[in-house]
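Here the structure is laid out as structure tokens; the discussion comes afterwards.
Residue numbers (the UniProt record's numbering), protein chains in the order written: chain A, 1 to 560; chain B, 1 to 560.
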């Protein structure tokens, strides 16, 4: 038994060296292992999907995977096909997409007791996924070996070794997850160590120490990872942490401080029970605070900005509001209340901000005096509409005021910039009214049928159209499309790609406000708009109207 | 300068000793300082109230303070009267209430530069609050002393010492918060140490090291607190952590591991920017994982259960939904998904749960889902309905098949177990049809108005009712309530607490399927139901119908 106290000192592999650059405000002492690379495996689509009330569609999964590839993670763990046959579709569907950096990984367990690897359906389902990497989990806790598997330690060790060898023999990289490692180590360290040694000797390229039930405090994580590193200095170690005591992020950092160089986690920390380590917090901290290197870095300087996009995408797929208090990526992560403080933060940012918000794709928000926003709106107008605007101009200021007023009513333009640009275009006087919805009525009842009537003014002419649909929103959309495409045939190629409903405020009753965000495309360009109302049909119509309007405005600017 | 690496080993005051009791699953090695007491200061009402979008009424503050006293914290930091005059009312109002254990503390800064303490309005506002304790913050970072105060270090030290002495001379206990201590220490350790020594020598009863901008990683917190402890072994130390890198909870634990015996935090971690350390996670971990003692303990065994009540109360005051994924206190904190797993957790809880949920006033939740087997459904029936079922029985098997078929259509029972139980009750033949929705029609149009007609069969009688609402769902709910409450007045106390809409399948057009999940309560019990349709109104109605039906079935089983 090693000494019971941890190893932050001489026995630690850590060597604190100064980190370069002060924009990230790294302290002189905290830059451990400056420059070392830490490999990142994202398991949003597998462990994240095991969270209660989490359920991704195939399309959600594909969009998230493509975004993770953009973020620059090393591995995307896409699913557990043996346990969830629907995950097979994902691996099949991904063959149509080229990933620029990330490798797909499939998840499963070691072979069953008493079954030869080539006969084990679970192991073979990993091979059949036909991806470069497999993540397999095995037992490292005597309690589990005995009570859950009903096996001896010898059997367990050969289950681990043979499973790794079998997957290797099929040309797969193997990442070994040592389930319940920390508890196993606390109760029976020699057997826990034997289990990971078996995986390593059999050819696992990294051994991931998992705090599966998430109850290990950070100083214990540090101690134990340090002791493992001391025992097997050449074994590449990884960390897989759960958040049951609110320490998943910190436990991941502590494992890296003790020598791990592979981290696993999910976007927004979603996952079983209280979730996994939130990569949107782990990754910037590893690089900006501890001086290590994570993620791809081209183009340089944008990588952590993509974490915010990934965070939004995952919240959207879950149908829940982004957490504004989330570290690094939340709307309030760099919020300063007004007055002296706000003034001081402008003069000496380092005195009040732990990193430059721009480094993580976020921005400083001054909560009371609403100075923020002009720059980003002007930037958006330049990007999307090719307009060059002064961020201090009257039109920009007025548009911002209107946007803020709408945000107080429940709007959010973060995920719907096209609606914000329409407001700006009106203030600039360059918005051309191509049509106006004058009236609409919907009648609906059971069996999903719905009828709609719309009256639209198009160039001074009133057009009345009817629509039948499987629901009220569909019925209105059908009627609207009929009315508009007769005058604007170019709208025929536009289509709805996404439709999301969230409740932006506290829910008190069925009277609550709903916010609908839609995504449209013309096959080339993609744009998103938003509508808010206590009537879900009206909120949907507002968003759809904005979407058609935006398409026509782009045509007017010859931007399609 | 001390050595740059941390001190987990011999220099650390920590001594890991075995902790007693295995119900809390403390590892043999992790029980640091077993039996030491850690003092708790709650700052929900002060630092928590500084969070963006947080605003408490005076009544909220009083209710929260009384609950915190029940929880058994040592200090309740109630406000900052000099900065926020409304906080004076709170201290005045609290004179009408007797606190059984907690002491009220008032917050403020050290005296201004060049002003004698007795002339300093801010210091005098602390005395005027007329409470036992004052928390004052002062500067420990050279950058702030120079750039923000515009003072010399000598001036700063006398501002600190004189302020502490002045408050002591008025009979107050003084808790000294060393603002930005960790950054100050990293850049100029000798001056940072001098600042806290000044406060201590002047009579502060505890020196609280604050990571004010929340950017210090946990291994750095441990190193620095350890070094301070080494320099001033007799100085009582505290920790005040912010969550900007997602480590506030862990940083608090690491400070305690390094020798701090006073912790500050807020309920649910609310606070500036990304918030403070969440006491609902910090406190159970200190006691159940690290073997220290926190909070009052009478009656024995209930203390952490009150944290969940406090958590709910604070969410209610904020008007936001409780976070179901929150460690210890969240609804999903002990949620288990999947068949085999659910089976195993019943047999060997310790194999899957980091603490006994009952110790923290929470309970195990078996999530009913696609992959789950009969065991989880039978368990759910036992928990919710008091039914003892064989998981292999025909009724359970049939119910599971129906659940799986519905899940293929877009249903998800993870977050809506009451709908799954209704299916089971029908298969068991114990579901009593109390009412049946025969027809409904909705007419809606712009300006958010909607009208609904429903026809309901109640005990063979057809009831026709109309409803007007701000949207179609609201209108149907109003009509339905009218129809049902005339026959079932017990439904009057039920209300909708949450309403969520997601698109469970690929979005192709406005024809997409939507899934609506609702949460109802009768003030005591909470249940969730689900409805799916391509018509968002119909999906909502299905969920609401299930919710009313479930309430009536519980009444039938006398479970309300």
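By construction, the Cβ of each residue, glycine as well, lies at the ideal position given by its N, Cα and C atoms.
Quick caveat: nothing in here was measured; it's all calculated off a predicted structure.
message = Excluding the 5 residues flanking residue 120 of chain B on each side, which residues of the same chain have their C-beta closer than 7 Å to its C-beta?
response = 111, 112
query = Mind checking if residue 255 of chain A is an interface residue toward chain B, Cβ cutoff 8 Å exclusive?
reply = no
request  = Kindly give me the distance between the Cβ atoms of residue 592 of chain B and residue 503 of chain A, rounded to whole angstroms, as I take these residues to be in contact under 8 Å.
outcome  = What is shown of chain B runs 1 to 560, which leaves residue 592 of chain B out entirely.
Residue(s) in a DSSP beta bridge with residue 240 of chain A = A:210, A:264
Unbroken alpha helix (DSSP H) run spanning residue 473 of chain B, endpoints = 472-487
key: Where residue 297 of chain A falls, given that 16 or more other Cβ within 10 Å makes a residue buried   = exposed
task = Alpha carbon to alpha carbon, how far is residue 250 of chain A from residue 265 of chain A? Give it in angstroms, no decimals.
result = 12 Å
ask   = Distance, Cα to Cα, residue 78 of chain A vs residue 204 of chain A?
value = 19 Å
query = Count the other CB atoms within 10 Å of the CB of residue 550 of chain A; is the residue buried (16 or more) or exposed (fewer)?
reply = buried
query = residue 278 of chain A versus chain B: which residues are under 9 Å apart at the beta carbon?
reply = 246
inquiry  = Counting only Cβ-Cβ distances shorter than 8 Å, please list the residues of the stretch 403-436 of chain B near chain A, keeping chain order.
reply    = 412, 414, 415
request  = Can you tell me which of the three DSSP states residue 430 of chain B falls into?
outcome  = coil
inquiry  = So, does the stretch 381-399 of chain B touch the stretch 489-497 of chain B, judging by three or more C-beta pairs under 8 Å?
reply    = no
query = residue 527 of chain A by DSSP, collapsed to three states: which one?
reply = strand
key: Option nearest residue 431 of chain A by Cα separation, candidates A:143, A:289, A:385, A:123   = A:385
request  = Could you confirm whether any beta carbon from chain B is found closer than 8 Å to the beta carbon of residue 362 of chain A?
outcome  = no
Cβ-based burial, residue 27 of chain A [other Cβ within 10 Å; buried from 16] = Bear in mind that the predicted position of residue 27 of chain A carries a pLDDT of just 38, short of 50, making it unreliable; the figure below should be weighed with that in mind. That one is buried.
task = Could you say if the stretch 161-175 of chain B and the stretch 128-138 of chain B meet the contact criterion of at least three C-beta pairs nearer than 8 Å?
result = yes
query = If we cut at 8 Å on Cβ distances, does residue 275 of chain A have a partner in chain B?
reply = yes
request  = Pull up the distance between the alpha-carbon of residue 528 of chain B and that of residue 534 of chain A, whole angstroms please.
outcome  = 22 Å
task = Please confirm whether residue 294 of chain A and residue 532 of chain A have their CB atoms less than 8 Å apart.
result = no
task = Within its chain, find whatever has a CB closer than 7 Å to the CB of residue 409 of chain A; leave out the 5 residues flanking it on each side and keep chain order.
result = 532
ask   = Do residue 180 of chain A and residue 140 of chain A have their C-beta atoms closer together than 8 Å?
value = yes
message = As a quick exercise: from B:466, B:303, B:187, B:330, pick the residue whose alpha carbon is nearest that of residue 311 of chain B.
response = B:330
query = Which word fits residue 352 of chain B, buried or exposed, when buried means at least 16 other C-beta atoms lie within 10 angstroms of its C-beta?
reply = buried
task = Using a Cβ-Cβ cut-off of less than 7 Å, list which residues of the stretch 278-303 of chain B approach chain A; keep chain order.
result = 278, 281, 285, 289, 290
Residue-level contact to chain A via CB, residue 84 of chain B, 8 Å cutoff = no
ask   = DSSP state of residue 512 of chain A, grouped into three classes?
value = coil
query = At least one CB of chain B closer than 8 Å to the CB of residue 463 of chain A: is that the case?
reply = no
request  = Please report the residue range of the beta strand (DSSP E) in which residue 444 of chain B lies.
outcome  = 436-444
request  = Pull up the CB-CB distance for residue 281 of chain B and residue 245 of chain A, whole angstroms please, since I reckon it's below 8 Å.
outcome  = 6 Å
task = Check each residue of the stretch 323-335 of chain B: if its Cβ is closer than 9 Å to any Cβ of chain A, include it; give the result in chain order.
result = 323, 324, 325, 326, 327, 328, 330, 331, 332, 333, 334, 335
message = Within 8 Å of any Cβ in chain C, is that where the Cβ of residue 144 of chain A sits?
response = Structure shown: chain C not included; protein chains present are A and B.
Within chain B, the residues that residue 353 of chain A reaches when beta carbons sit closer than 7 Å = 213
task = Following the continuous beta strand (DSSP E) through residue 176 of chain A, name the residue where it begins and the one where it ends.
result = 173-179
Under 9 Å by beta carbon: chain A residues contacting residue 173 of chain B = In chain order: nothing, as chain A lies at least about 28 Å away.
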